[in-house]
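Take 182 as the starting number for the sequence shown in our numbering and just add one per residue. Built from N, CA and C at the ideal position, the CB exists for glycine as well. Remember, predicted model here, so these are calculated numbers, not experimental data.
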Amino acid sequence: MIDISVRDLTKAFEVNNNILDGLTFQVQHGERVGILGRNGTGKTTLFRLMVGELTEDKGEIDIARGKRLGLVSQIPHYPAGYTVEDVLATAEERLNAMQARMRKLEELMAVSSDRALLSEYDELLSRFEMLGGYDAEVRRSKVANGLDIPPAMRDQLFDSLSGGEKTRVNLARLILEDTDILLLDEPTNHLDMHATEWLEDYLLHFKGTVLAISHDRWFLDKVAQRIIEIVNGKAEFYNGNYTFYAEEKQRRYEELRRQYEKNQKEIAHLQKAADDLHLWAFMGADKLHKRAFSMEKRIARLQTAERPREDKKLSVRFRQKEFFGDEVLVLEDVAKSYGEKKLFSGIDELIEPGERIALIGDNGTGKSTLLRCITGEETPDRGWIHLGPAVKSAYLPQLVRFDDPSRNMVDTMLWEAKCDPQTARNRLAAFGFRGEDVFKTVSVLSGGELSRLRLCILMRDDINFLMLDEPTNHLDLLSREWMEDALMDYSEALLFVSHDRWFIEKFATRIWCLHDGQIEDYRGGFAEWREYKARQEALQPPAKAAKSAAREEKPKKKTEPNRDRRRQKIERDIERAEALLRDIEAEMEKNASDYQKLLELGAQKDAAEESLETLYAEWETLAE
């Protein structure tokens, strides 16, 4: 079944400049599709067209009848005074209406024996249970906790939240609504690692359809089954995750390049032959002109093929200052609080030359604050921070600002990098700023462009200690690869805060995990650290796990006046489930020699058994 059909979609914001130009694709029910493309290629525009926020110039978008779309980047307006809890509760309006009607029917049935009332109630109860009505409160808490929306935030006014916090709440609301088609626009941008992994797990088990615009390569590897890349307003298709996409894209480029080079050789050969034929024709063999013209037509057809273009790699590298000494950074008993909120205390760490340290942890634990204490932007409440005498440091903050945003990029380079105009233009070009773009004022640049400009300036300096705060935020895939290319040859000390697991895996040789005000120091890469944490969790005593589970919010007990009716309905459901299981087992016997069929039936049997166990458990609860 096709959930989404896009045909010949065209959209322009400027005359004769189509951002989408005949975009065509289909998405099947249940697919998880990653949408890729450089910044400005129309990815977000596509989503806004799909939800009706924009109108297409040409083409059609068809959404399967009865399917509900939800767009994460589209944050609705709520009445003044709405708390986060109120916003989350709006997802259950259907359930609330059903519950109100059930209460009304219960009142009517208490004074009437009309079978029509009983029939309506039974049908409504069945739908209410199917939609998880009795578990709504527990489900709301699980989703909120998973997306890092703690109880304290749920009591806050929605309008008082930051943009990132509003995005998380809106994502939670859409999940709770049981939206059929999720449109996710950079869903991991405002999530920490814990929340991102929770979202990945949710999407892997989500029964609906997912389209995700993302530059998070780890997320795409985990979630995406197929990649659609928007190039020059059209769709290119890759039937796999991000790793498959990257490999297949390079393979296609190499194939096109080989074909192009082959064509160029053939063109040269044909051109020489045509020139010779023309020469011989002028010498008296007039009929040879016809053969020459035929060759030239063939040459013209071959010349229509353009030279394949490969994404340009960053052509500059960090200038490194040779380091002498044993210590890059020393932290002794460092502590920092804001009012009554203690971020960290008793931090004692040492960074040695050449170490690459990833500072990780949940949102709000104080990672960026610790980095700002090290750079001197903030002062710790207690402790000592010392840089080695030979250290020349550089810092790329999460939010990049410039002293004079009214300057254009060239003038900013001249002022801050102290270089000549041609050097400024060359270095800006190396970072993807070309042509008239270099005369844009800093004030109109996007977050990603500001980071690239700051990085461009930093790479002018001789440094041996580089600090980065969420360096890949706001960057598209190509810009992330540029930054990574620059860092690959950087061999001096590196300390960076990041939730980008791809980036951490690539560069970290040591992990600092900030948790409960302390740093857990692990000397090894990200993959090793994950294995270490998995082993720790596996060794956790069952009692501790049970205690942890007990801390989760418990559902409020509900009065159930029609307990017998519910039990009778579950008994009927059990009978149907048992019959289905018997049918599956009979099919497995018939197809004992068909391995592929047995795999499919085995999966169906597992699902049927799980459903039956759930029904048994509920029946036992009602029978008590």
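The stretch 257 to 267 makes no contact with the stretch 216 to 231, as fewer than three CB pairs between them are under 8 Å.
Within the stretch 375 to 451, the complete alpha helix (DSSP H) runs of at least 4 residues fall at 398 to 404. In terms of Cα proximity to Gly421, the closest of Leu437, Arg398, Gly414, Arg439 is Arg398. In terms of Cβ geometry, Glu273 and Leu357 form a close pair [threshold 8 Å]. Residues of the same chain with a CB within less than 7 Å of the CB of Phe206, apart from the 5 flanking positions on each side, are Val187, Ile409, Ala416 in chain order. Judged by beta-carbon spacing, Thr390 lies beyond the 8 Å limit of Asp366, meaning their Cβ atoms are not closer than that value.
Rounded to the nearest angstrom, the Cβ distance from Val404 to Arg682 is 13 Å, too far for a contact under 8 Å. Phe583 and Ala333 have their C-alpha atoms roughly 35 Å apart.
Ile242 and Leu190 have their C-alpha atoms roughly 8 Å apart. Contact check for Leu675 and Ile538: beta-carbon distance about 7 Å, within the 8 Å limit, so the pair qualifies.
Shortest Cα-Cα distance from Gly414 to any of Arg608, Phe194, Tyr259 involves Phe194. Put simply, of Asn544, Thr560, Gly535, Trp565 the residue whose alpha carbon is nearest the alpha carbon of Ile528 is Trp565. Within the same chain, no Cβ atom closer than 7 Å to the Cβ of Met311 is found once the five residues on either side in sequence are excluded. Val511 is bridged by DSSP to Leu531, His567. The DSSP-derived three-state label of Ala539 is strand. CA-to-CA, the gap between Leu540 and Arg321 works out to about 31 Å.
For Met669, no beta strand (DSSP E) run applies; the uninterrupted alpha helix (DSSP H) run containing it begins and ends at 658 to 669, by DSSP.
For the pair of segments examined, the stretch 433 to 446 was found not to touch the stretch 457 to 464: the number of CB pairs separated by less than 8 Å stays below three. In the DSSP assignment, Ser475 falls within the alpha helix (DSSP H) that extends over 469 to 484. The continuous stretches of beta strand (DSSP E) do not include Ile638, which lies in the alpha helix (DSSP H) extending over residues 628 to 639.
Between Arg635 and Ser660, the CB-CB gap reaches or exceeds 8 Å. Inter-residue distance for Ala454 and Ile185 is about 52 Å (C-alpha atoms, whole angstroms). DSSP links Ala767 through a beta bridge to no other residue.
Taken through DSSP and simplified to helix, strand or coil, Arg308 comes out as helix.
The C-beta distance from Leu364 to Leu250 rounds to 6 Å, short enough to meet the 8 Å contact threshold.
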